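Have a look at the structure below, then the notes.
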Amino acid sequence: MKHIWRDVQYSKGTNISGYLVDYQVSETAMSTIYRVKHRALRSKHAMKFLQPQFAAIPSINAVYGKEMQILSNIRSPYLVRITEVINSKAGLGIVMDWMDGDTLETYLRKVGEVTPFFAAKWACQVLSALHLCHQN
Numbered sequence: 050m051k052h053i054w055r056d057v058q059y060s061k062g063t064n065i066s067g068y069l070v071d072y073q074v075s076e077t078a079m080s081t082i083y084r085v086k087h088r089a090l091r092s093k094h095a096m097k098f099l100q101p102q103f104a105a106i107p108s109i110n111a112v113y114g115k116e117m118q119i120l121s122n123i124r125s126p127y128l129v130r131i132t133e134v135i136n137s138k139a140g141l142g143i144v145m146d147w148m149d150g151d152t153l154e155t156y157l158r159k160v161g162e163v164t165p166f167f168a169a170k171w172a173c174q175v176l177s178a179l180h181l182c183h184q185n
């Protein structure tokens, strides 16, 4: 599929595969994330698109799609559930459940230092999720 989108930032209300954009959450070198609402159900989700320069590479496109299919079947309290893979004019991306609350970065800025106990607890949660991913 030839991707025709370049440097597109979707505005509030834009319809992407049945989801309406609320706002852009973040942008990284690899992806852009939007908060969206399912058009019919009105449920909140995160929609993450690969940046065009990566999505246009067939090998990355194939690996990304396969990994997302595998990840969509993994259930863990430490992983956000993937509900859909999107490959449309809007790009190659995934739809995930929306998690309300602060990001880790925002939380750490608010509280400053964390105790070794909480750091170890979070590390165990991350490792638990990684273990499930590697098993699959």
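Just so we're aligned, residue 50 is where the sequence shown starts under our numbering, counting upward by one. Note that beta-carbon positions come from the ideal geometry of N, C-alpha and C, so glycine has one too. Every value quoted in this text rests on a predicted model; they were computed, and no experiment measured them.
Separation of residue j from residue i, as counted between CA atoms
{"i": "Q58", "j": "R91", "result": "22 Å"}
{"i": "N22", "j": "N110", "result": "One cannot answer for residue 22 here, as it falls past the ends of the chain, which runs 50 to 185."}
{"i": "P165", "j": "G150", "result": "22 Å"}
{"i": "G62", "j": "E133", "result": "20 Å"}
{"i": "V175", "j": "C182", "result": "11 Å"}
{"i": "H52", "j": "C173", "result": "At H52 the pLDDT is 37, less than 50, meaning the model places this residue with poor confidence and gives no usable figure here."}
{"i": "M50", "j": "A169", "result": "At M50, the pLDDT of 36 sits below 50, so the modelled position is not reliable and the matter cannot be decided from this model."}
{"i": "V74", "j": "L128", "result": "18 Å"}
{"i": "L178", "j": "L153", "result": "In the sequence under discussion, the amino acid at residue 178 is Ala, which differs from the Leu named in the question. For A178 and L153, the distance between alpha carbons rounds to 16 Å."}
{"i": "M148", "j": "A89", "result": "20 Å"}
Endpoints, the alpha helix (DSSP H) within which residue i is located
{"i": "N110", "result": "P107 to S121"}
Buried versus exposed, by CB contacts within 10 Å (16 or more), residue i
{"i": "K159", "result": "exposed"}
{"i": "Y83", "result": "buried"}
Expected contact under 8 Å - CB spacing of residue i and residue j to nearest Å
{"i": "K86", "j": "L69", "result": "5 Å"}
{"i": "S66", "j": "I135", "result": "5 Å"}
Near the ligand FMN: residue i beta-carbon under 7 Å from a heavy atom
{"i": "K61", "result": "Absence of the ligand FMN is noted for the structure shown, with no ligands found whatsoever."}
> Touching or not, the segment 138 to 154 and the segment 98 to 108, by the rule of three or more beta carbon pairs under 8 Å?
Replying inline: Contact between the segment 138 to 154 and the segment 98 to 108 is established, with three or more Cβ pairs separated by less than 8 Å.
> Would you say the segment 110 to 119 touches the segment 161 to 177, given that touching needs at least three Cβ pairs under 8 Å?
Replying inline: no
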